[in-house]
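Residue numbers (this note's numbering): 1 to 572. Even for Gly, the Cβ is constructed at its ideal location relative to N, Cα and C. Owing to the predicted nature of the structure, the values given are computational and were not obtained by experimental measurement.
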């Protein structure tokens, strides 16, 4: 989260609220299932069995430690092109056909969210006290290529043998119009104690955006226990493993716009239907704050060795995430956790309206923003009118309040009583001009997160701006925003008595806001500029009303009581 935005919000609230005065985290529940403690290093090394000293050797062996031949199986649909390696059964590439890479060194290429040596869905087995990595295990595919077309789901089978009695069978189910992948399988030859399947989520997602710094800030591991929790890679210490206790309904690694997640949503099989704990170890030593980490989770299987879970590998499109349920849409957080109950509904509604105007009315997203900004001002017109007239009423009683302050400056209790009497008799609410002005703020804050996280706005151009989710490269829109802020403040001060503080804010605040908003999303600057420009007519009408009614609305000052004459002393 950009701290400049928080500062900007505070300053904007000051510039709107202060003039009216011049006018006068819960604890996590105990886990239901203990997460298995797994040595992440043992899964990365080529050793077959990592048994603790003094433990009984496992009867499981692997016929060859050498890496298997690395053939690939490509699964294609109108939405995606996934590539699986027969060595370890890993997903090594995920190309999203509806999205372009925004990197300057990949002009026109499709978004590839895994690194070239990606290790998503690396598997391992925890049998007793032994860890058996399957990264180099040779799997036999049922096909070398799979086209997923409309109609029945398409399936890919992968089979491997650890030895003459123990093996693993996997089946992936794909749909042509969905990024979800059903996974079912069986570990053959297990004993009565069963085992734990270890699932690697890889080193994180590959940067597909023009701003690599922002990518590093957004890449995270997100989990869902009773509520979602996000851990940024940049908060991890390189080489130090951090354990997140389960069980979890889902675990995912995300970037700014894309996610690769494992979901185990079978609530009827607690323990075997939920994911175990998560281990994350930052491995990136190239950046001051890590952008890569090895992330692992686990899934318990019984004596029959059966397992089932779901993968989601694709964009963070809100309707798709929402349709999965189990708060999976929280993997794309709108707002801070403590403010999300207020911000999230507004952000979701604003996003839905912008998408509807784009898809149903054919409006470009930039033009939709202009219409949206004007609509907000029209809807809030009556409330703003009430706020401005409350300010005029406060201005009218200022002479009375000033007189009372002088008269009772040494008697605070009497000063308070007289002040409230003036408010009551003149029907003035000192805060009546504040709260209507604050109503647009949830929308402004929500739009910050909409432009920060909504993939539909990614790469959307408007006039000279190539991407509304990025800063204006010409910085014209931030300048228009600052000038419009000066204009609306200047018009709003017409007819008011001279005030040094308000005059200072007239010139200082637009400059400060220009500096703070300089590199914010151009769509956010566009919306704020439209809001300012659309409010100028109302400010002008109120200013004219203020000047027209100034002599009649100025309250009469209560004359001070004549001083009491001292009593003459009687002469004896």
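>> Can you tell me whether residue 215 is buried or exposed? The criterion is at least 16 other CB atoms within 10 Å of its CB, across all chains shown.
In response: buried
>> Let me check one thing: in DSSP terms, what residues is residue 228 bridge-paired to?
In response: 224
>> The beta strand (DSSP E) that contains residue 172, what's its start and end?
In response: 167-174
>> Going by DSSP, what residue range makes up the beta strand (DSSP E) through residue 186?
In response: 180-188
>> Among 312, 232 and 325, whose alpha-carbon lies nearest the alpha-carbon of residue 173?
In response: 312
>> If the criterion is Cβ atoms closer than 8 Å, does the pair residue 119 and residue 140 meet it?
In response: no
>> Let me check one thing: in DSSP terms, what residues is residue 198 bridge-paired to?
In response: 124 and 298
> Do you know offhand how far residue 539's Cα is from residue 361's?
Replying inline: 31 Å
>> Could you tell me the alpha carbon to alpha carbon distance between residue 526 and residue 367, rounded to whole angstroms?
In response: 10 Å
> Going by DSSP, what residues sit across from residue 141 in a beta bridge?
Replying inline: 158
> Looking at the structure shown, is residue 73 part of a helix, part of a strand, or coil, going by DSSP?
Replying inline: strand
>> Within the continuous beta strand (DSSP E) that includes residue 102, where are the two ends?
In response: Unbroken run through residue 102: none, as it is neither H nor E.
>> Less than 7 Å between C-beta atoms, sequence neighbours within five positions excluded: which residues of the same chain meet that for residue 352?
In response: none
>> Using a Cβ-Cβ cutoff of less than 6 Å, which residues in the same chain neighbour residue 230 once the five nearest sequence positions on both sides are dropped?
In response: 220 and 222
>> Please state whether the Cβ-Cβ distance between residue 635 and residue 247 is less than 8 Å.
In response: Because residue 635 is not part of the residues shown, which for the chain are 1 to 572, the question remains open.
> Which residues in the same chain have their Cβ closer than 8 Å to the Cβ of residue 301, if we skip the five residues on either side of it in sequence?
Replying inline: 187, 190, 194, 195, 196, 197, 272 and 307
> What are the boundary residues of the alpha helix (DSSP H) that residue 305 is part of?
Replying inline: Looking at the DSSP string, residue 305 is not in any alpha helix (DSSP H), and its letter there is neither H nor E.
> Which residue or residues does DSSP assign as beta-bridge partners of residue 494?
Replying inline: Residue 494 pairs with nothing; no bridge assigned.
> When you compare only the Cα positions, how much space is there between residue 252 and residue 331?
Replying inline: 8 Å
> Could you give the distance in angstroms between the alpha-carbon of residue 447 and the alpha-carbon of residue 176?
Replying inline: 32 Å
> Are the CB atoms of residue 471 and residue 522 nearer to each other than 8 Å?
Replying inline: yes
> For residue 318, which of helix, strand or coil comes out of DSSP?
Replying inline: helix
> Hey, residue 631 and residue 179: beta-carbon distance below 8 Å or not?
Replying inline: The shown model of the chain, from 1 to 572, leaves out residue 631, and the question about it has no answer.
> So residue 114 and residue 92 are in contact, right, with Cβ under 8 Å, and what is the actual spacing, rounded?
Replying inline: 7 Å
>> Do residue 334 and residue 348 have their beta-carbon atoms positioned less than 8 Å apart in this structure?
In response: yes
>> Assuming residue 279 is part of the beta strand (DSSP E), what are its boundary residues?
In response: 278-282
> For residue 253, does the three-state DSSP call read helix, strand or coil?
Replying inline: strand
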